[in-house]
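Residue numbers (this note's numbering): 70 to 584.
Ideal Cβ positions, reconstructed from N, Cα and C, are used throughout, including at glycine.
Structure first, then comments.
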Amino acid sequence: MKHLHKIWILLAILPAFMLVSCEDWFAQEPESEMVYEDFWQKKGDVLSGMGACYRAMLEESVVKRMMVWGELRSDNILPGKSTEEHLSLLLSANINSANEYARWGSLYTVINYCNTLIDNAPKVRDLDPDFSEKELRQYLAEAKALRSYCYFMLVRTFRDIPYIEQAYSDDSRDFSVPQTSEAVVLDTLMATLRSVENDAVTEYSQVLYNKGRITQKTVWALMADIALWKNDYETCVAYCDKILESSNNALSLERASTYFRHLFFDGNSDESLWELQFDNNTLNWAVRDLYGASDNDAKLSSYQFTLTAGSTLFNEKDLRKKNAMVEKDGFMMIKKYVAHLSQPNVEIIRDNNFSWRGTSDANWIIYRLPDIYLMKAEALAELGGADNLAQAVELVSKTYDRANPDVTAGSLQGLYTSQTQVRDLVFDERQREFLFEGKRYFDLMRRMRREGTPTATINTYLINKYVAMNIDRNTVMSKLNDVDAIYMPIHDDELRVNTLLEQNRFYKISSDISK
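Given below as structure tokens:
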């Protein structure tokens, strides 16, 4: 693959992270003095190599893909004030293999950094007597889990993908790699994570490492997520229970009065499992570009849930509605991650009731405690049975009651009893709780995959977005009403360079790529 051919040049010079504070460790830039052969000598080099993996995750191209792949094609997002062409095409369902967001190279860069550490860390164990076998296993678990997360992002977005476990450190290896089927990739990820789950660090002594690095609970969260995608509901519940029952690295829901600021403005909250760490020196350019800043118009805006007739997603006083968006100049501007509601008690929320960030340094949350509650609730809803359904409603109540403090606690109990009712309750609560967090389109995909067709999901959820954009219903159905159309195409450049790749089925018909 073209991108992989370039990676070995980068990795011939690995980042030389000095032993710095944990605040700086996530953001160290590569230093060109450290040549590849001399790098893997001591324990500190493995720590530095792990830092390189996390630093690659902070790249704008990676975070943008997490946002775009997980949100843009959902019913949450509309164009903003300054939407660029590639985003506009995705938003309007005009998707082709020339789109910039059909590129996957930045995720494979992270994967190759992880593979490089996995290949070389065992050699350090032989060279440095201060590097213990336990520490080696911890680093390998961390790198394999991070690699697995990247592959999970790719397989959900593209379905069949090249799966590579060896590092590209020179140009001696063949860069043409065929795709591995989705089913095999997912089974491989689960097997890999099972093999390392007991080696992962349970808890670090520093908060930034607990929230910014992968711990055992993060591994379990990823395993639950993959199991849910596979419709393996018992396994999903089991790994959610491991997290909820473990006293290590304790998690707790933030209080209603402060949680929005603590989660999305301050960062590293009590309910966070894993979030990408940004600061004044390493800004979150993806959030700034797509969701805006005080001096930058957002490329995206929210669907106007609160202004659309018949919209019942939010209660009038739901804190998630009040804090996540506000109407301005005809757009529903996204405020989550970029501002906080500094005047929450006014009767009508306006843009000037929010305070912007001084700098665009918002952490990007990947997993938090409500993920565990609602993944388990979704799995229980799919398993069915009175006890499972009642427990699912109870789990939904944890996030719903917090966001609606004026509603009597437990008010959902008894209102949702059938499997269809509970399934829809969980689905809607996930939309409310994780609005703009890069999860909604994957939720819609899971629903469409279970049903074997996107028709019902388009008609019930997605069509309203396209109506708001003045796109004809028949046009939408012609472009989306195929289960193969829910995935992204593979970019033209990848198809030209790697002749072993096969374009995703839906996009073959209109593709004239010469491979």
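Do you know how far the Cα of residue j is from the Cα of residue i?
i      : j      : result
Asp561 : Arg206 : 39 Å
Arg357 : Val462 : 36 Å
Phe334 : Gly149 : 22 Å
Leu352 : Ala362 : 12 Å
Lys133 : Ala355 : 5 Å
Tyr177 : Met135 : 13 Å
Ala378 : Asp493 : A caution first: Ala378 carries a pLDDT of 49, below 50, which makes its placement in the model unreliable, though a value can still be read off. Between Ala378 and Asp493, the C-alpha separation is close to 20 Å.
Glu128 : Asn145 : 24 Å
Thr257 : Tyr220 : 10 Å
Ala554 : Asp339 : 39 Å
Val538 : Asn163 : A small correction: the amino acid at residue 538 is Met; Val does not occupy that position in the sequence shown. C-alpha separation (whole angstroms): 13 Å.
Tyr273 : Cys122 : 18 Å
Thr486 : Ser480 : 13 Å
Pro296 : Leu458 : Note that residue 296 is Ala in the sequence shown, not Pro. Looking at the two C-alpha atoms, the distance is approximately 19 Å.
Asn384 : Lys391 : 10 Å
Glu48  : Lys203 : Any answer about residue 48 is impossible in this case: the structure gives the chain only from 70 up to 584.
Ile180 : Val566 : 19 Å
Gln572 : Asp243 : 20 Å
Ile233 : Tyr556 : 21 Å
Asn318 : Gly453 : 31 Å
Glu416 : Phe423 : 14 Å
Asp541 : Glu153 : 22 Å
Cys309 : Lys467 : 15 Å
Asn421 : Val491 : 38 Å
Arg516 : Met546 : 17 Å
Asp403 : Leu141 : The sequence given here places Ile at residue 403; Asp does not occur at that position. If you take the alpha carbons of Ile403 and Leu141, they lie about 13 Å apart.
Arg282 : Leu438 : 16 Å
Asn543 : Arg518 : 22 Å
Assuming residue i contacts residue j (C-beta within less than 8 Å), just tell me the rounded distance between them.
i      : j      : result
Asp293 : Met444 : The question names Asp, but residue 293 in the sequence shown is Ala. Confirmed, Cβ separation roughly 5 Å.
Tyr302 : Glu451 : 5 Å
Ala190 : Leu160 : Incorrect: roughly 43 Å between the Cβ atoms, too far for contact.
Leu342 : Tyr436 : 4 Å
Thr185 : Ala260 : Not really, about 21 Å apart at Cβ, beyond 8 Å.
Leu569 : Val246 : 7 Å
Leu332 : Lys299 : Going by Cβ atoms, the distance from Leu332 to Lys299 rounds to 29 Å, so no, they are not a contact pair.
Leu147 : Lys534 : 7 Å
Asp475 : Lys386 : 5 Å
Glu344 : Lys280 : 6 Å
Ser151 : Lys397 : So it is not a contact: roughly 14 Å between Cβ atoms.
Pro558 : Asn165 : 6 Å
Leu320 : Ser217 : Wrong, their Cβ atoms sit about 21 Å apart, outside the cutoff.
Can you name, in chain order, every residue of its own chain whose Cβ lies under 6 Å from the Cβ of residue i, other than the five neighbours on each side?
i      : result
Gln285 : Ala269, Thr271
Leu388 : Ala472
Met401 : Ser370, Ser371, Gln373, Met394
Ala478 : Asp470
Gly336 : Asn432
Leu531 : Asp144
Lys213 : Thr261, Val265
Val137 : Tyr170
Phe329 : Asn392
Gln488 : Gly453
Glu314 : none
Phe575 : Asp551, Asp553, Ala554
Can you find the residues in the same chain that come closer than 7 Å, C-beta to C-beta, to residue i, ignoring five residues on each side of it along the sequence?
i      : result
Phe511 : Gly139, Arg225
Asn168 : His155, Leu158, Leu159
Lys311 : Trp289
Ser130 : Ser175
Leu382 : Phe374, Asp497, Gln500, Arg501
Val495 : Leu443, Ala446, Glu447, Ala450, Ala461, Val465
Below 8 Å CB to CB, which residues in the same chain sit around residue i once its five sequence neighbours on both sides are set aside?
i      : result
Tyr182 : Leu80, Gly118, Ala121, Cys122, Ala125
Phe200 : Lys111, Lys112, Val115, Val193, Arg194
Ile418 : Lys391, Val395, Leu410
Thr522 : Asn550, Val552
Val276 : Asn337
Asp364 : none
Ala325 : Leu388, Arg471, Ala472, Pro474
Q: Taking 8 Å as the threshold, find out whether the region 543-559 comes into contact with the region 514-529 through three or more Cβ pairs.
A: The region 543-559, when compared against the region 514-529, does touch it at the 8 Å Cβ threshold.
Q. Is there contact here, the region 192-205 with the region 401-408, by at least three beta-carbon pairs under 8 Å?
A. The answer is no - the region 401-408 does not touch the region 192-205, with fewer than three Cβ pairs under 8 Å.
Q) Quick check: the region 425-445 against the region 493-513, are there 3 or more CB pairs under 8 Å? A) Under the three-pair Cβ rule at 8 Å, the region 425-445 counts as touching the region 493-513.
(Q) Could you check whether the region 427-434 touches the region 344-351, counting it as contact only if at least three pairs of C-beta atoms, one from each stretch, sit closer than 8 Å? (A) At 8 Å Cβ cutoff, the stretches touch.
Q. Between the region 214-229 and the region 247-258, do at least 3 Cβ pairs fall closer than 8 Å?
A. The region 214-229 makes contact with the region 247-258, as at least three CB pairs between them are under 8 Å.
Q: Enumerate, from N- to C-terminal direction, the unbroken beta strand (DSSP E) stretches of 3 or more residues contained entirely within the region 301-378.
A: Listed in chain order, they are 341-345, 369-371.
Q.
At 3 residues or longer, what runs of the beta strand (DSSP E) sit wholly inside the region 420-487?
A. Segments of the beta strand (DSSP E) lying fully in the region 420-487: 423-425, 433-437.
Q. Residue ranges of each beta strand (DSSP E) run of no fewer than 3 residues wholly in the region 142-218, ordered along the chain?
A. With a minimum length of 3 residues, the continuous beta strand (DSSP E) runs that stay inside the region 142-218 are 146-148.
Q. What are the uninterrupted segments assigned as alpha helix (DSSP H) that are 4 or more residues long and contained completely in the region 259-296, given in chain order?
A. Look at the region 259-296 and you find these whole runs of alpha helix (DSSP H), each 4 residues long or longer: 276-281.
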